[in-house]
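> Before we start, here is the structure in question, set down as structure tokens.
There are 2 protein chains.
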Amino acid sequence: AILEAMEGHFARRGGALPLAGKRAIVTSGPTREPIDPVRYLSNASSGRQGVAIAEALSTRGAAVTFITGPAEFARPKGCTIVPVTTALEMERAVAAALPADIAVFAAAVADWGIAEPAPAKLKKDAAGTAPALEFIANPDILAGIAHLPADRRPALVIGFAAETGNLETHARAKLARKGCDWLLANDVSPGTGVFGGADTAILFLAGDSAEDWGALSKAAVGERLAERIAAHLRA
Amino acid sequence: AILEAMEGHFARRGGALPLAGKRAIVTSGPTREPIDPVRYLSNASSGRQGVAIAEALSTRGAAVTFITGPAEFARPKGCTIVPVTTALEMERAVAAALPADIAVFAAAVADWGIAEPAPAKLKKDAAGTAPALEFIANPDILAGIAHLPADRRPALVIGFAAETGNLETHARAKLARKGCDWLLANDVSPGTGVFGGADTAILFLAGDSAEDWGALSKAAVGERLAERIAAHLRA
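What follows is the structure, encoded as structure tokens:
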């Protein structure tokens, strides 16, 4: 925490905030897709990485809209916080937060929702048979923003890839498919402790180049990414 | 909180702890059923009610084993805490905590799990088609304990029913089906705020009798239930 505070201080050194006047959107946490009034489908994203990025951007002067699913970490300092539950709600909140210069999609959005959530709690039948659930694909929020016409598209659209195995292959395919500018890929296999933990390991893709950031804290990822964003927008 | 502390004090007045020497098991929180290493099926149980009951029993001298899924409230004072994730793990933890005099099943156990969780993160195909998920019924922990042979069965087996509509009908059917002694039924319809909230409304069933406890805090439910357990075991 002391190191982070120092980094924040050095970022402001000389009085100039490198991202002053810039608008940023950061999505974070899981989304939660209702099955009935009590059950849902979700994932184990804690929101730590999204909070770290939002705070690092805000510290550098950006006006940050932080759009978060139900997460353990959901209160970045200095940001406008927009709580949502489902992927559809997150998509609408992102659209409402445009225009923006920077959009970082750190949320672990559920790929599928339930076509028609039941209005009352589903009951087990006598045989204990599970109800048939019809899944529908959720909106692809990252690809949607990355493919906006130039006058609406943020200058920098940044995605995350959480993979279990074949990290670079999956991440390169995702970068191409989504149309984003940068992609931060990490390995969330059980045992890595990345989901929910304070530490991670990042493979950073920008166009054709790849950089292995190695193992570092999520706070350090936030600082490093914010520095790089500031440098890119200055260039 | 002051009232609760006073109630706890009065429970101990005269030096005699009414549940001293008794062993209690309390289950609490949701269970989480993995789909793959990052996705899961769960529910919105906060664990507040289970914590309140465990603390009320512990305050009265019971030795409480608190078996909890991943919940917001998961640290009752004075109890032995056993954290679990899935319904299968919860079932094993309950069996390991026997013998007991009192067993209160306040957890919102997932009725279904995924037959074979994927070892790696499931990928969307090009068409965005959802993976086929095969559900299997989870063990019925409450019914399993309620139907143990007399030498293994806790003297008091107490269940909860979370319903949305037709409260008494569903609750009576559940009491009969599970074979438990008492059942506390509450309405968790959206808008009631019961799931996750501090307040609830209880319909208390004991055999053929029913008592409407009306609206009260989850802390008050814990106190009232613990008092009734103590009176029953004294009789």
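Each protein sequence line maps, in turn, to chains A and B. Residue numbering for the first sequence follows our numbering, beginning at 5 and increasing consecutively. Residue numbering for the second sequence follows our numbering, beginning at 5 and increasing consecutively. Positions of the beta carbon are idealized from the N, C-alpha and C atoms, including for glycine. This structure is a prediction, so every number in the text was calculated from the model and none was measured.
1) What residues from the stretch 209-220 of chain A come within 9 Å of chain B, judged by C-beta to C-beta, listed N to C?
2) State buried or exposed for Asp216 of chain B, treating a residue as buried only when at least 16 other CB atoms are found within 10 Å of its CB.
3) Closer than 8 Å, CB to CB, is Phe77 of chain B near chain A or not?
4) For the stretch 186-204 of chain B against the stretch 31-41 of chain B, are there 3 or more C-beta pairs whose distance is under 8 Å?
5) Using alpha carbons as the reference points, say which of A:Ala189, A:Pro38 and A:Gly169 lies closest to Lys178 of chain A.
6) With H, G and I counted as helix, E and B as strand and the rest as coil, what does DSSP make of Leu187 of chain A?
7) Could you check whether the Cβ of Val42 of chain B sits closer than 8 Å to any Cβ belonging to chain A?
8) Which residues does DSSP pair with Ile1 of chain A in a beta bridge?
9) Can you tell me whether Val198 of chain A is helix, strand or coil according to DSSP?
10) When you compare only the Cα positions, how much space is there between Phe139 of chain B and Ile118 of chain B?
11) Assess, as a yes-or-no matter, whether the stretch 40-53 of chain A is touched by the stretch 102-113 of chain A under the definition of 3 or more beta carbon pairs within less than 8 Å.
12) Pick helix, strand or coil for Ser50 of chain B, following the three-state DSSP scheme.
13) Could you name the residues of chain A that Phe139 of chain B contacts, counting a contact when the two beta carbons are closer than 7 Å?
14) Taking 7 Å as the limit between beta carbons, can you name the residues of its chain near Lys125 of chain A, skipping five residues before and five after?
15) Does the beta-carbon of Ser213 of chain A have 16 or more other beta-carbons within 10 angstroms, so that it is buried, or is it exposed?
16) Interface residues of chain A around Leu45 of chain B at Cβ under 9 Å?
17) Is the distance from the Cβ of Asp105 of chain A to the Cβ of Leu229 of chain A below 8 Å?
18) Mapping the DSSP letters down to three states, classify Val113 of chain B as helix, strand or coil.
19) Beta carbon of Val108 of chain B, beta carbon of Ile162 of chain B: below 8 Å?
20) If the cut-off is 7 Å on Cβ atoms, which residues from the stretch 185-204 of chain A count as contacting chain B, listed in chain order?
21) Would you kindly check if the distance between the Cβ of Pro38 of chain B and the Cβ of Arg64 of chain B is under 8 Å?
22) Tell me whether Gly195 of chain B is buried or exposed, calling it buried when 16 or more other Cβ atoms sit within 10 Å of its Cβ.
23) At which residues does the beta strand (DSSP E) containing Glu215 of chain A begin and terminate?
24) Just the Cα atoms here: how many angstroms apart are Ala235 of chain A and Asp155 of chain A?
25) Using a C-beta to C-beta distance shorter than 8 Å, which residues of chain B count as neighbours of Ala166 of chain A?
26) Run through the stretch 123-147 of chain A for me and flag every whole beta strand (DSSP E) of 3 or more residues, listed as ranges in chain order.
27) Find the residues of chain B that neighbour Lys4 of chain A, judging by a C-beta separation of less than 7 Å, and give them in chain order.
28) Give a yes or no on whether the minimum CB-CB distance between Ala112 of chain A and chain B is below 8 Å.
29) By a C-beta neighbour count over all protein chains shown, 10 Å radius and 16 as the cutoff for buried, is Ala239 of chain A buried or exposed?
30) For Thr168 of chain A, count neighbouring Cβ atoms within 10 angstroms of its own Cβ and tell me buried if that reaches 16, exposed if not.
31) Comparing C-alpha positions only, which one of A:Glu231, A:Ala159 and A:Leu45 sits nearest to Pro121 of chain A?
32) Is it true that the CB of Gly218 of chain B sits closer than 8 Å to the CB of Ile57 of chain B?
33) Just to confirm, does Ala114 of chain B get its C-beta within under 7 Å of one of the non-hydrogen atoms of the ligand FMN?
34) Which class does Val55 of chain A belong to by DSSP, given the choice of helix, strand or coil?
35) Comparing C-alpha positions only, which one of B:Ser62, B:Val55 and B:Val30 sits nearest to Ile24 of chain B?
36) Using the C-alpha atoms, what's the distance from Asp191 of chain B back to Gly18 of chain A?
The structure says:
1) Cβ contacts with chain B come from no residue of the stretch 209-220 of chain A.
2) As a position in the second sequence, residue 216 of chain B is number 212, starting the count at 1. By the 16-neighbour rule on beta-carbons within 10 angstroms, Asp216 of chain B is exposed.
3) Within the second sequence, numbered from 1, the residue matching residue 77 of chain B stands at position 73. Output row for Phe77 of chain B: interface = no.
4) no
5) Residue mapping note: residue 178 of chain A aligns to position 174 of the first sequence, counting from 1. Comparing Cα-Cα distances from Lys178 of chain A to each of A:Ala189, A:Pro38 and A:Gly169, the minimum goes to A:Ala189.
6) On the first sequence, residue 187 of chain A is found 183 positions in, with the first residue counted as 1. Shown here, Leu187 of chain A sits in a strand according to DSSP, grouped into three states.
7) The residue given as residue 42 of chain B occupies position 38 in the second sequence. Cβ-Cβ to chain A under 8 Å: yes for Val42 of chain B.
8) The shown model of chain A, from 5 to 239, leaves out residue 1 of chain A, and the question about it has no answer.
9) Taking the first residue of the first sequence as position 1, residue 198 of chain A is located at position 194. DSSP places Val198 of chain A in coil when its eight states are reduced to three.
10) Residue numbering aside, residue 139 of chain B sits at position 135 when the second sequence is read from its first letter. Residue numbering aside, residue 118 of chain B sits at position 114 when the second sequence is read from its first letter. C-alpha separation (whole angstroms): 5 Å.
11) yes
12) Here residue 50 of chain B corresponds to residue number 46 of the second sequence, with the count starting at 1. In the structure shown, Ser50 of chain B sits in coil (DSSP, three-state: anything other than H, G, I, E or B).
13) Indexing the second sequence from 1 puts residue 139 of chain B at position 135. Listed along chain A, the residues sitting closer than 7 Å to Phe139 of chain B by beta-carbon distance are Ala134.
14) Along the first sequence, read from residue 1 onward, the residue named residue 125 of chain A stands at position 121. Short of 7 Å from the beta carbon of Lys125 of chain A, and not among the five residues preceding or following it, lie these beta carbons of its own chain, in chain order: Asp40, Pro41 and Val42.
15) As a first step, residue 213 of chain A must be located in the first sequence, where it is residue number 209. Label assigned to Ser213 of chain A: exposed.
16) Residue numbering aside, residue 45 of chain B sits at position 41 when the second sequence is read from its first letter. Those within 9 Å of Leu45 of chain B in chain A are Ile39, Arg43, Tyr44, Leu45 and Ser46.
17) For the purposes of this step, residue 105 of chain A is taken as the residue at position 101 of the first sequence. For the purposes of this step, residue 229 of chain A is taken as the residue at position 225 of the first sequence. Result no, Cβ atoms of Asp105 of chain A and Leu229 of chain A do not sit closer than 8 Å.
18) Walking along the second sequence from the start, residue 113 of chain B turns up at place 109. It is coil, neither helix nor strand.
19) Counted from its first residue, the second sequence places residue 108 of chain B at position 104. Counted from its first residue, the second sequence places residue 162 of chain B at position 158. Yes, Cβ-Cβ distance for Val108 of chain B and Ile162 of chain B is below 8 Å.
20) So the close ones are Val192, Ser193, Pro194 and Phe199.
21) Mapped onto the second sequence, residue 64 of chain B falls at position 60. Mapped onto the second sequence, residue 38 of chain B falls at position 34. Not a contact, by the Cβ cut-off of 8 Å.
22) What you label residue 195 of chain B is simply residue 191 of the second sequence in a count that begins at 1. Result: exposed.
23) Residue 215 of chain A sits at position 211 when you count from the first residue of the first sequence. Its beta strand (DSSP E) spans residues Ser213 to Ser221.
24) Within the first sequence, residue 235 of chain A is the residue found at index 231, counting from 1. Within the first sequence, residue 155 of chain A is the residue found at index 151, counting from 1. Cα-Cα distance, rounded: 22 Å.
25) Taking the first sequence and counting its residues from 1, one reaches residue 166 of chain A at position 162. What Ala166 of chain A touches in chain B: Val42 and Lys125.
26) 139-141
27) As displayed, chain A neither begins before 5 nor continues past 239, which places residue 4 of chain A out of reach and without an answer.
28) Within the first sequence, residue 112 of chain A is the residue found at index 108, counting from 1. So, interface residue.
29) Here residue 239 of chain A is taken as the residue at index 235 of the first sequence, counted from 1. Per the 10 Å Cβ criterion, exposed.
30) The residue you call residue 168 of chain A lines up with position 164 of the first sequence. So Thr168 of chain A counts as buried.
31) Here the question's residue 121 of chain A lines up with position 117 in the first sequence. Considering only alpha carbons, the answer is A:Leu45.
32) Residue numbering aside, residue 57 of chain B sits at position 53 when the second sequence is read from its first letter. Residue numbering aside, residue 218 of chain B sits at position 214 when the second sequence is read from its first letter. With contacts defined by Cβ atoms closer than 8 Å, Ile57 of chain B and Gly218 of chain B do not form a contacting pair.
33) The model on display carries no ligand, and the ligand FMN is accordingly not part of it.
34) Within the first sequence, numbered from 1, the residue matching residue 55 of chain A stands at position 51. Residue state, collapsed to three classes: helix.
35) On the second sequence, position 20 is the one that residue 24 of chain B refers to. The question names Ile, yet the displayed sequence has Ala at residue 24 of chain B. With distances taken between CA atoms, Ala24 of chain B lies nearest to B:Ser62 out of B:Ser62, B:Val55 and B:Val30.
36) Working through the first sequence from its first residue, we reach residue 18 of chain A at position 14. Working through the second sequence from its first residue, we reach residue 191 of chain B at position 187. Residue confidence is low: Gly18 of chain A scores 47 on pLDDT, short of 50, so the model does not pin down where it sits. Its coordinate-derived value is still stated next. Put simply, the backbone Cα of Gly18 of chain A is about 59 Å away from that of Asp191 of chain B.
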